[in-house]
Amino acid sequence: MFLKIILNFFIGILVGFILELVFRSIENKKIIIPKLINLQMYGLIGASLVFTYYLDIRFPYKLVILFVVPTCIEFLTGYLYLKIKKVYLWNYFNEKDNFMGLICPKFSTFWFLLSLVYYFTVLPIILKI
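Each number in the working numbering corresponds to the 1-based position in the sequence shown with 847 added.
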């Protein structure tokens with residue numbers, strides 16, 4: 848199981864790198880390479896999905912976890928970086944109902960949907976390896 852967690856950590860980093868590279872580059876109209884701390888966040892989300900997959904709980908609770916955990920990881924990553932480096936990794940202040948500019952419903956929903964896709968398509972294949 849440890850190797851599967853590590854594998855999903857690195858897959859999360861790779862997927863996060865691609866998504867953030869594309870999103871930020873389009874948004875800024877130039878190539879923007881993601882920061883390492885952001886990539887670690889995606890790796891943690893990937894690893895957390897393995898734990899969720901093996902949890903022996905009812906499906907509705909897993910859905911709640913698939914929403915809450917990525918949002919918490921995003922918040923903690925952004926908050927710690929803000930407190931340590933005094934820099935926002937991202938800025939959601941222009942998004943409706945944001946919390947401290949670090950999380951918002953729009954991106955929490957995006958991470959939830961991405962987690963669902965990964966959970967039901969990629970993860971079962973990887974866990975069979």
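Note that beta-carbon positions come from the ideal geometry of N, C-alpha and C, so glycine has one too.
Here the structure is a predicted model, which means the values were calculated and not measured.
Where residue i falls, given that 16 or more other Cβ within 10 Å makes a residue buried
i: residue 908; result: exposed
i: residue 924; result: buried
i: residue 971; result: exposed
i: residue 941; result: exposed
i: residue 918; result: buried
i: residue 959; result: buried
i: residue 855; result: buried
i: residue 915; result: exposed
i: residue 862; result: buried
i: residue 892; result: buried
i: residue 950; result: buried
i: residue 902; result: exposed
i: residue 850; result: exposed
i: residue 878; result: exposed
i: residue 873; result: exposed
The alpha helix (DSSP H) enclosing residue i, as first and last residue numbers
i: residue 975; result: Looking at the DSSP string, residue 975 is not in any alpha helix (DSSP H), and its letter there is neither H nor E.
i: residue 876; result: No alpha helix (DSSP H) contains residue 876, which DSSP labels as neither H nor E.
Nearest to residue i (by Cα), restricted to the options the options
i: residue 921; options: 943, 851, 965, 953; result: 953
i: residue 882; options: 974, 935, 904; result: 935
i: residue 937; options: 871, 974, 877; result: 871
Would you list, in sequence order, the uninterrupted alpha helix (DSSP H) runs of no fewer than 4 residues that lie entirely inside the segment 901-953? 906-932
Using 8 angstroms as the threshold, is the segment 880-889 in touch with the segment 849-869, meaning 3 or more CB pairs across them? yes
Between the segment 895-909 and the segment 926-937, are three or more C-beta pairs nearer than 8 angstroms? no
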